[in-house]
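Sequence order for the protein chains is A and B. Going by UniProt numbering, the first sequence opens with residue 1, and the numbers climb by one from there. Going by UniProt numbering, the second sequence opens with residue 1, and the numbers climb by one from there. Glycine included, every Cβ here is placed at the ideal spot set by N, Cα and C.
Protein chains: 2
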Amino acid sequence: MGYELHYWPMIQGRGEFVRLALEQGGADYVDVAREPPDAGGGIDAMMARMEDEPLRPPFAPPFLVDGSLVVGQTANILLYLGPRLGLVGESEAGRIWTHQMQLTIADMVLEAHDTHHPIAVMDYYEQQRPEAARRAADFRENRMPKFLGWFERVLARNPAGPGYLVGDAVSYADLSLFQLVDGLRYAFPKASERVLAETPRVAALAQKVGRLPRIAAYLASDRRIAFNEQGIFRRYPELDG
Amino acid sequence: MGYELHYWPMIQGRGEFVRLALEQGGADYVDVAREPPDAGGGIDAMMARMEDEPLRPPFAPPFLVDGSLVVGQTANILLYLGPRLGLVGESEAGRIWTHQMQLTIADMVLEAHDTHHPIAVMDYYEQQRPEAARRAADFRENRMPKFLGWFERVLARNPAGPGYLVGDAVSYADLSLFQLVDGLRYAFPKASERVLAETPRVAALAQKVGRLPRIAAYLASDRRIAFNEQGIFRRYPELDG
Numbered sequence: 001m002g003y004e005l006h007y008w009p010m011i012q013g014r015g016e017f018v019r020l021a022l023e024q025g026g027a028d029y030v031d032v033a034r035e036p037p038d039a040g041g042g043i044d045a046m047m048a049r050m051e052d053e054p055l056r057p058p059f060a061p062p063f064l065v066d067g068s069l070v071v072g073q074t075a076n077i078l079l080y081l082g083p084r085l086g087l088v089g090e091s092e093a094g095r096i097w098t099h100q101m102q103l104t105i106a107d108m109v110l111e112a113h114d115t116h117h118p119i120a121v122m123d124y125y126e127q128q129r130p131e132a133a134r135r136a137a138d139f140r141e142n143r144m145p146k147f148l149g150w151f152e153r154v155l156a157r158n159p160a161g162p163g164y165l166v167g168d169a170v171s172y173a174d175l176s177l178f179q180l181v182d183g184l185r186y187a188f189p190k191a192s193e194r195v196l197a198e199t200p201r202v203a204a205l206a207q208k209v210g211r212l213p214r215i216a217a218y219l220a221s222d223r224r225i226a227f228n229e230q231g232i233f234r235r236y237p238e239l240d241g
Numbered sequence: 001m002g003y004e005l006h007y008w009p010m011i012q013g014r015g016e017f018v019r020l021a022l023e024q025g026g027a028d029y030v031d032v033a034r035e036p037p038d039a040g041g042g043i044d045a046m047m048a049r050m051e052d053e054p055l056r057p058p059f060a061p062p063f064l065v066d067g068s069l070v071v072g073q074t075a076n077i078l079l080y081l082g083p084r085l086g087l088v089g090e091s092e093a094g095r096i097w098t099h100q101m102q103l104t105i106a107d108m109v110l111e112a113h114d115t116h117h118p119i120a121v122m123d124y125y126e127q128q129r130p131e132a133a134r135r136a137a138d139f140r141e142n143r144m145p146k147f148l149g150w151f152e153r154v155l156a157r158n159p160a161g162p163g164y165l166v167g168d169a170v171s172y173a174d175l176s177l178f179q180l181v182d183g184l185r186y187a188f189p190k191a192s193e194r195v196l197a198e199t200p201r202v203a204a205l206a207q208k209v210g211r212l213p214r215i216a217a218y219l220a221s222d223r224r225i226a227f228n229e230q231g232i233f234r235r236y237p238e239l240d241g
């Protein structure tokens, strides 16, 4: 039996980091909430599965169901899937290092989200626009260069060369860095181009991942949801610059 | 040779989650930046160690040095230490679940931090006070009940009873939940008492962890830094209520 991914069906969001791993790993999976309700899909079914889980209820989507096991938290799902999908090396040191980068990606993803929701996650962007403008300025000027500069340094220091984050093979962290860069390019086209010009290894890695045959096929399919203004990365031109 | 913990010497901060695990695990460790500079300690030595790390440079403190291995990201350090210090079960399912809770604690810790820094992490609180007031209100009224309510549910559903988060033995996630509750009580004495009255299993677990002999001894020692207004949890009375 394949994996069940449970995530909001209308956005890439955090679920996309899992989708990319499942796709690159060639996994048999169902994106449950995108299935029709009469086939057990839809948001209500996802929420019921989450609330009713008797043993290990996830805090929020995304979560993965693998047989009797329910796994939540994006980075934790990737920690679980990595060895199963051949998306992480064999050594403990390599696995810990890959996960460390994934958690740093998660930190930056949250900061990208908070540019449009600095005050309250349940309120609308329109209710926190002046605050968002200030937070986005800090993100563009300080945080984006700091984070992407760190990944640039990591690539430069990889003893196997700057082709991948860890060793000489693709890991789930590479896929996630691609997604992060793709999201930044959508949300902050001006600022991200400026920063990526200073972090050429990061830009090259993102381009390479986007051209991996399975990833390219996925991106061209209708399984890839388009970026939009309900997700993490939103194009509000007033927040770019 | 023991572990080296590298973290800011003047605050509990994220390093405290690692300190508590090292203490409960009875580990041999040095809190490097708290040592005198002429013994290789101090902030400058920590920052140099971080920047100069040739293979796996951490993004930020805390980081752990274990022989030739450098491990960053708080939850990742605990993932690494857990099996070594007997602070996590043997099964993969148990380890993944423990880590999932640790990541959820980390999410709440960041949200607690952002109550006083909703706009820019490098600016002063005094430069973002009105925004902080709005964000703190959302944290007290929505986020704190949501997060602690989830931990209450997890404890209620533990088949081994509500004594610990996973099974019937203390894990690093229990230690971290103690620290989170302790910090909330410091920063938001009114709001946290209100929420903890509704989450009695969480309150009981925090009390029990604080009375574990090694944790109690640590808390009474001068190795425990007092809460203060440079850390994650800050007592600004105008943000409580």
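Against chain A, a Cβ distance below 7 Å from T104(B) picks out F59 and Q73. Taking 8 Å as the upper bound for CB-CB distance, R134(A) and Y186(A) are not in contact here, some 21 Å apart.
Classified as exposed, L55(A) has fewer than 16 neighbouring CB atoms from the shown chains inside 10 Å of its CB.
Taking the C-beta atoms as reference points, G72(A) is found nearer than 9 Å to Q100(B). One thing to note: L165(A) has its Cβ within 9 Å of the Cβ of L177(A). The C-beta of P237(B) has fewer than 16 other C-beta atoms within 10 Å across all chains shown, which makes the residue exposed. Counting only Cβ-Cβ distances below 7 Å, R153(B) has contacts in chain A at P57, in chain order. Taken in chain order, the members of the UniProt domain "GST N-terminal" (1 to 89) of chain A whose beta-carbon sits within less than 8 Å of a beta-carbon on chain B are P54, L55, R56, P57, P58, F59, L69, V71, G72, Q73, A75, N76, L79 and Y80. Counting C-beta pairs with one atom in each stretch, the region 222 to 229 of chain A and the region 168 to 176 of chain A have fewer than three that are closer than 8 Å, which means they do not touch.
Put simply, the CB of M122(A) is near chain B, with a gap under 9 Å to one of its CB atoms. The C-alpha of D28(A) lies about 6 Å from the C-alpha of Y3(A).
For L110(B), the closest Cβ of chain A is nearer than 9 Å.
Contact of N228(A) with chain B by beta-carbon distance below 7 Å is absent, the smallest such distance being about 24 Å. Taking I11(B) as the centre and dropping the five residues before and after it, the same chain places the C-beta of I225, N228, Q230 and G231 closer than 7 Å to its C-beta, in chain order. With fewer than 16 other beta carbons inside 10 angstroms of its own, G161(A) counts as exposed. For I96(B), the nearest CB of chain A lies under 9 Å from its own CB, placing it at the interface with that chain. With 16 or more neighbouring CB atoms inside 10 Å of its own CB, P62(B) falls in the buried class.
With contacts defined as CB atoms closer than 9 Å, D123(B) and D114(A) fail to qualify as a contacting pair. Beta-bridge partners of G72(B) (DSSP): F63(B). By the Cβ-count criterion, A112(B) is buried, with 16 or more other Cβ atoms from all chains shown falling within 10 Å of its own Cβ. Residue contact with chain B for H99(A): present (Cβ-Cβ distance below 9 Å to some residue of chain B). Counting only the Cα atoms, W8(A) lies some 14 Å from G40(A). One finds L69 in chain A with Cβ atoms closer than 7 Å to the Cβ of A93(B), taken in chain order. Here the alpha carbon of V170(A) sits roughly 46 Å from the alpha carbon of R211(B). Here M47(B) is exposed. Its C-beta has fewer than 16 other C-beta atoms within 10 Å. Straight-line measurement puts the Cα of V70(B) at about 16 Å from the Cα of P159(A).
Around the beta-carbon of E16(B), 16 or more other beta-carbon atoms lie within 10 Å, marking it buried. Taking each of V202(A), A217(A), G241(A) and A136(A) in turn and checking the Cα distance to I105(A), the smallest one comes out for V202(A).
Per DSSP, L5(A) lies in no alpha helix (DSSP H) segment; the continuous beta strand (DSSP E) that holds it begins and ends at Y3 to H6.
Counting only residues of its own chain and dropping the five nearest sequence neighbours on each side, G86(B) has a CB closer than 7 Å to the CB of G25.
Look at D31(A) here: in three-state DSSP terms it is strand.
Inclusion of F151(A) and T74(A) in the CB contact set at 9 Å is not warranted, their separation being larger than that value. Residues of chain B with a Cβ closer than 8 Å to the Cβ of P200(A) do not exist; the shortest Cβ-Cβ separation is about 18 Å. By the rule that beta-carbons nearer than 9 Å mark a contact, P189(A) does not touch chain B.
Taking 9 Å as the CB threshold, P237(A) stays off the interface with chain B.
At the C-beta level, G183(B) and V109(B) come within 9 Å of one another.
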